[in-house]
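In what follows, a single structure is set out as structure tokens and then discussed.
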Amino acid sequence: MTPNGVEDEEKFLASGIAGIQQNAFHMHRALDSNNLKDALKYSAQMLSELRTSRLSPHKYYELYMRAFDELRKLEMFFKEETKRGCSIVELYELVQHAGNILPRLYLLCTVGSVYIKSKEAPAKDILKDLVEMCRGIQHPLRGLFLRSYLSQVSKDKLPDIGSEYEGDADTVVDAVEFVLQNFTEMNKLWVRMQHQGPAQEKKKREKERSELRDLVGKNLHVLSQIEGIDLEMYKETVLPRILEQPSVDIKMVLARLMERLSNYAALSTDVLPEFFQVEAFAKLNSAIGKVIEAQEDMPIAGVVTLYSSLLTFTLHVHPDRLDYVDQILGACVKKLSGKGKLKDSIATKQIVALLSAPLEKYKDIDTALKLSNYPHVMEHLDDTTSKEMANVLVQTILKNKTCIATDEKVESLFELMKGLIRDLDENLHDEFDEEDFKEEQNSVSRLIQMLHNDDPEEMLKIICTVKKHIVTGGPKRLPFTVPPLIFNSLKLVRRLQNQDENAPEEETSAIPKKIFQILNQIIEALSSVPVPELALRLYLECAEAANDSDLEPVAYEFFTQAYILYEEEISDSKAQVTAIQLIIGTLQRMHIFGVENRDTLTHKATGYSAKLLKKPDQCKAVYSCSHLFWVDDQDSIKDGERVLLCLKRALRIANAAQQMSNATRGSSGSVLLFIEILNKYLYFYEKGVTQITVASIQSLIELITTEMQSENKTADPAADALLASTLRYIQFQKDKGGAVGEKYESIKS
Numbered sequence: 000m001t002p003n004g005v006e007d008e009e010k011f012l013a014s015g016i017a018g019i020q021q022n023a024f025h026m027h028r029a030l031d032s033n034n035l036k037d038a039l040k041y042s043a044q045m046l047s048e049l050r051t052s053r054l055s056p057h058k059y060y061e062l063y064m065r066a067f068d069e070l071r072k073l074e075m076f077f078k079e080e081t082k083r084g085c086s087i088v089e090l091y092e093l094v095q096h097a098g099n100i101l102p103r104l105y106l107l108c109t110v111g112s113v114y115i116k117s118k119e120a121p122a123k124d125i126l127k128d129l130v131e132m133c134r135g136i137q138h139p140l141r142g143l144f145l146r147s148y149l150s151q152v153s154k155d156k157l158p159d160i161g162s163e164y165e166g167d168a169d170t171v172v173d174a175v176e177f178v179l180q181n182f183t184e185m186n187k188l189w190v191r192m193q194h195q196g197p198a199q200e201k202k203k204r205e206k207e208r209s210e211l212r213d214l215v216g217k218n219l220h221v222l223s224q225i226e227g228i229d230l231e232m233y234k235e236t237v238l239p240r241i242l243e244q245p246s247v248d249i250k251m252v253l254a255r256l257m258e259r260l261s262n263y264a265a266l267s268t269d270v271l272p273e274f275f276q277v278e279a280f281a282k283l284n285s286a287i288g289k290v291i292e293a294q295e296d297m298p299i300a301g302v303v304t305l306y307s308s309l310l311t312f313t314l315h316v317h318p319d320r321l322d323y324v325d326q327i328l329g330a331c332v333k334k335l336s337g338k339g340k341l342k343d344s345i346a347t348k349q350i351v352a353l354l355s356a357p358l359e360k361y362k363d364i365d366t367a368l369k370l371s372n373y374p375h376v377m378e379h380l381d382d383t384t385s386k387e388m389a390n391v392l393v394q395t396i397l398k399n400k401t402c403i404a405t406d407e408k409v410e411s412l413f414e415l416m417k418g419l420i421r422d423l424d425e426n427l428h429d430e431f432d433e434e435d436f437k438e439e440q441n442s443v444s445r446l447i448q449m450l451h452n453d454d455p456e457e458m459l460k461i462i463c464t465v466k467k468h469i470v471t472g473g474p475k476r477l478p479f480t481v482p483p484l485i486f487n488s489l490k491l492v493r494r495l496q497n498q499d500e501n502a503p504e505e506e507t508s509a510i511p512k513k514i515f516q517i518l519n520q521i522i523e524a525l526s527s528v529p530v531p532e533l534a535l536r537l538y539l540e541c542a543e544a545a546n547d548s549d550l551e552p553v554a555y556e557f558f559t560q561a562y563i564l565y566e567e568e569i570s571d572s573k574a575q576v577t578a579i580q581l582i583i584g585t586l587q588r589m590h591i592f593g594v595e596n597r598d599t600l601t602h603k604a605t606g607y608s609a610k611l612l613k614k615p616d617q618c619k620a621v622y623s624c625s626h627l628f629w630v631d632d633q634d635s636i637k638d639g640e641r642v643l644l645c646l647k648r649a650l651r652i653a654n655a656a657q658q659m660s661n662a663t664r665g666s667s668g669s670v671l672l673f674i675e676i677l678n679k680y681l682y683f684y685e686k687g688v689t690q691i692t693v694a695s696i697q698s699l700i701e702l703i704t705t706e707m708q709s710e711n712k713t714a715d716p717a718a719d720a721l722l723a724s725t726l727r728y729i730q731f732q733k734d735k736g737g738a739v740g741e742k743y744e745s746i747k748s
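Here the sequence shown is numbered in numbering that gives the first Met the number 0, starting from 0 and rising by one per residue.
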């Protein structure tokens, strides 16, 4: 339907609903005043809205339900009228005077329902009259909904065994005859729909017919609820009459049978021996084979539907028989052989259902990995669906917190997940959704973090298996999948550090060395992305882990790689500032380096700091470098001269920054940098760095105070707050008394 057609249909629907509401309003007023004549008049006008031919089945259903709700109220009014002495027979005749046939028949069915309930006439006579009268509507859509209404209002008034409407003249045969006749007439109307209208609209008509199948099928549901139908009647009367109308899809019959058996088995474990006794699985499996063999042209969707139903049955009745489950999957693989990746959306949907069933039942991916035919079935999914199925697998693992503990299982799992961890089809980039992609890759990252084995050798194998798969993931995936593998590997390194210290050094260092070699290769893979900031962070993480493992050459190599990245790849000034702070912070925590290696790395770090683009960034990086020359828990790294040198250099840079601000803006700029440097002076003064004297601290305080009082000073609340806090701290230390108080006493604030 064209956009204009959709808009027009919405208008017609809105107009119809408005007509129903308006007439329903007047009908209610007539009902409230017990005005039968006006009630019938407005109800007929209301029902005339259902005469439209301008709505699709879906929209007509909306209109019909509005009218249906009002008819229920009208039916209650008719019941009350009969209680007040109104003759139901006269009422039944009165409604037949309505002008148009469709409103007349809706009213007749409504009154007929009350007529049957009154028991003033045999139910079978009224039902026969109604079902015959409804033949007056031969328009397929209007006729189907009218007969659906008839079925709805009469289903609880059929002369069934044990029913209040069963009597000498009314038997279950009459009930069956009524339902079958209504079903037959509805089926005729439904079939007629495909032959009406132009040929080019055939697909549209088929869609509309599909939407109306349930209306016709409701009669069969009503039939199934009639208690009086015994086996003989079903075989001799009901089944032949039904088979005269539709052609029977045997695979659907078999599928529904297995579905009902599955539901029966799910009720209680007590019924399971019945299935074991009759060898239900073997018989159903054989029946499916015969049906498929007899219908050589059966669509692949039908084949998978049958096996999916059998699998559901098996999981309910034989949950412990994985060989049965794998046998079903194997039979599917055999039928799918040579078909390649399926294009049929229905078949694809059925395969997803087939593959999802074991996951939902066992809630354990380990079970799926034991099924040898599971991956072979997945091979027939198109790339998009394969990706969706892989996501189902990952979510199942995350939800149930399943631990995958062997490299063989990891290998099998990652093969099933290949739709998520590498590109299967270049054309998929056209439909790339950034948010969905990030969500999928974050799930994969969480999965990688969950992989674990207590045995270090086995865990190393798992790491190698994951690495093999993720390095082929392409530049979009690597930034998501590399970090979790790095950190899971470092978890193993930390675990090994905490093992028995009495173990031989060769044993405790061999595995970490292998891990670090692998980690170096994994981080190198990020160079294809490129994401140098991420790679630098990971190199530094690995360097710190190597430091804790007492592997100096390894730690030095990771630092070297980080420095190369900084020099060659990181050019953005903000990224450089962040990188320098990371480098300084990590280098400060390193204890493994000898004098030569540490001096080399420290010299490089201070050099990088002094070359940052912005003076304030230079200043902060340089005063941070002072911590590289004084580390509390390392007596070999206590060089007060170089600490003072860093701080003096930082002061010069801060002074230069202020002069630049004065030259360009006409104001001296903020003194925040000087206050931050003052805090560094106080820190090292407390630590006992003799080169940091009271005089130097006092001089800096006076400089800051003078600058704060300058007329050219730029207002800076942050600087004011930090200075006030710093001076409070000095006073607090004085107030402590003792050695600390004495140390701070000579500082005038």
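A virtual CB, placed ideally from N, CA and C, is assigned to each residue, including glycine. It should be emphasised that the depicted structure is a prediction, and the values quoted were computed from it without experimental measurement.
For A26 and V152, what's the separation of their Cα atoms in angstroms? Within the sequence shown, numbered from 1, the residue matching residue 26 stands at position 27. Within the sequence shown, numbered from 1, the residue matching residue 152 stands at position 153. This sequence places Met at residue 26; Ala is not what is there. So the two alpha carbons sit approximately 20 angstroms from each other.
Evaluate the contact criterion for the region 512 to 521 versus the region 564 to 574: three or more CB pairs, one atom per stretch, below 8 angstroms. no
Please name the residue or residues paired with W629 in a DSSP beta bridge. By 1-based counting over the sequence shown, the position of residue 629 is 630. W629 pairs with K637.
With DSSP as the reference, label K206 as helix, strand or coil. One-based indexing of the sequence shown puts residue 206 at position 207. Reduced to three states, the DSSP call for K206 is helix.
So what's K123 in DSSP terms, helix, strand or just coil? Counting from 1 along the sequence shown, the entry for residue 123 is found at position 124. It is helical.
Buried or exposed for Q44, please, with buried defined as at least 16 other CB atoms from any protein chain shown within 10 angstroms of its CB. Counted from its first residue, the sequence shown places residue 44 at position 45. It counts as buried.
What did DSSP end up calling A738 once you bin it into helix, strand or coil? One-based indexing of the sequence shown puts residue 738 at position 739. In the structure shown, A738 sits in a helix (DSSP, three-state: H, G or I).
Which word fits R65, buried or exposed, when buried means at least 16 other C-beta atoms lie within 10 angstroms of its C-beta? Here residue 65 corresponds to residue number 66 of the sequence shown, with the count starting at 1. Buried, by the Cβ-count rule.
Whose CA, out of E595, A604, F280 and A23, lies closest to the CA of T585? Here residue 585 refers to the residue found at position 586 of the sequence shown. Minimum Cα distance to T585 is reached at A604.
Work out the CA separation of W189 and S209 for me, nearest whole Å. In the sequence shown, counting from the first residue as 1, residue 209 sits at position 210. In the sequence shown, counting from the first residue as 1, residue 189 sits at position 190. Distance between the alpha carbons of S209 and W189: 10 angstroms.
Starting from the Cα of K475, find the closest Cα among S695, L644, E438 and K490 and give me that residue. Taking the first residue of the sequence shown as 1, we reach residue 475 at position 476. Answer by Cα proximity: E438.
Does DSSP put S308 in a helix, a strand or coil? By 1-based counting over the sequence shown, the position of residue 308 is 309. Helix, per DSSP.
Could you name each continuous beta strand (DSSP E) segment of 3 residues or more that falls completely within the region 571 to 630, going from the start of the chain to the end? none
For M297, which three-state DSSP category applies? Here residue 297 refers to the residue found at position 298 of the sequence shown. Looking at M297 - three-state DSSP - the assignment turns out to be coil, as it is neither helix nor strand.
Kindly indicate the opening and closing residues of the alpha helix (DSSP H) around S112. Along the sequence shown, one-based indexing puts residue 112 at 113. I100 to S117 is the span of the alpha helix (DSSP H), which, as asked, contains S112.
What's the call for L427, buried or exposed, on a 16-neighbour Cβ count within 10 Å? As a first step, residue 427 must be located in the sequence shown, where it is residue number 428. Here the model assigns L427 a pLDDT of 48, short of 50, so the residue's position is not dependable, and the following value carries that caveat. With fewer than 16 other Cβ atoms within 10 Å, it is exposed.
F731, buried or exposed, once every other Cβ within 10 Å from all chains shown has been counted against 16: Taking the sequence shown and counting its residues from 1, one reaches residue 731 at position 732. Exposed, because fewer than 16 other Cβ atoms sit within 10 Å of the Cβ of F731.
To the nearest angstrom, report how far apart E434 and M132 are at their CA atoms. Taking the first residue of the sequence shown as 1, we reach residue 434 at position 435. Taking the first residue of the sequence shown as 1, we reach residue 132 at position 133. If I take the Cα positions, the gap works out to 59 angstroms.
How would you write the range of the alpha helix (DSSP H) that Q224 sits in, first residue to last? Along the sequence shown, one-based indexing puts residue 224 at 225. That residue, Q224, is in no alpha helix (DSSP H); it is neither H nor E in DSSP.
Within the chosen definition, does the region 609 to 625 reach the region 589 to 598 through at least 3 CB pairs nearer than 8 angstroms? no
What do you get for R320, buried or exposed, if any count of 16 or more other CB atoms within 10 angstroms of its CB means buried? If you number the sequence shown from 1, residue 320 lands on position 321. R320 is exposed by the Cβ-count criterion.
Among K334, P272, L266 and L314, which has the Cα closest to the Cα of I287? By one-based count along the sequence shown, residue 287 stands at place 288. Considering only alpha carbons, the answer is K334.
Enclosing alpha helix (DSSP H) for E532 [first to last residue]: As a first step, residue 532 is located in the sequence shown; it is residue number 533 there, counting from the start. P531 to D547 is the extent of the alpha helix (DSSP H) around E532.
For S307, is the classification buried or exposed, using 16 other Cβ atoms within 10 angstroms of its Cβ as the cut-off for buried? If you number the sequence shown from 1, residue 307 lands on position 308. With 16 or more Cβ atoms within 10 Å of its Cβ, S307 is classed as buried.
In whole angstroms, what separates the C-alpha of E826 from that of L489? There is simply no residue 826 to check, as the chain begins at 0 and stops at 748 in what is shown.
Where do the ends of the alpha helix (DSSP H) carrying M388 lie? Taking the first residue of the sequence shown as 1, we reach residue 388 at position 389. Start and end: D382 to N399.
Distance between L419 and E425 (C-alpha atoms, nearest Å): For the purposes of this step, residue 425 is identified with residue 426 of the sequence shown, where counting begins at 1. For the purposes of this step, residue 419 is identified with residue 420 of the sequence shown, where counting begins at 1. With a pLDDT of 49 at E425, under the threshold of 50, the predicted position of this residue should be treated as unreliable, and no value is reported.
Rounding to the nearest angstrom, what Cα-Cα distance links K360 and E207 in this structure? Here residue 360 is taken as the residue at index 361 of the sequence shown, counted from 1. Here residue 207 is taken as the residue at index 208 of the sequence shown, counted from 1. Distance between the alpha carbons of K360 and E207 is about 36 angstroms.
Assigned exposure category for N441 - 16 Cβ within 10 Å defines buried: One-based indexing of the sequence shown puts residue 441 at position 442. That one is exposed.
If you draw a straight line from the alpha carbon of N22 to that of Q224, how long is it in whole angstroms? The residue you call residue 22 lines up with position 23 of the sequence shown. The residue you call residue 224 lines up with position 225 of the sequence shown. Using only the alpha carbons, I get a separation of about 36 angstroms.
For N186, which of E675, N487, R212 and Y164 has the nearest alpha-carbon? Translated into positions along the sequence shown, residue 186 becomes position 187. Among E675, N487, R212 and Y164, the Cα nearest to that of N186 is on R212.
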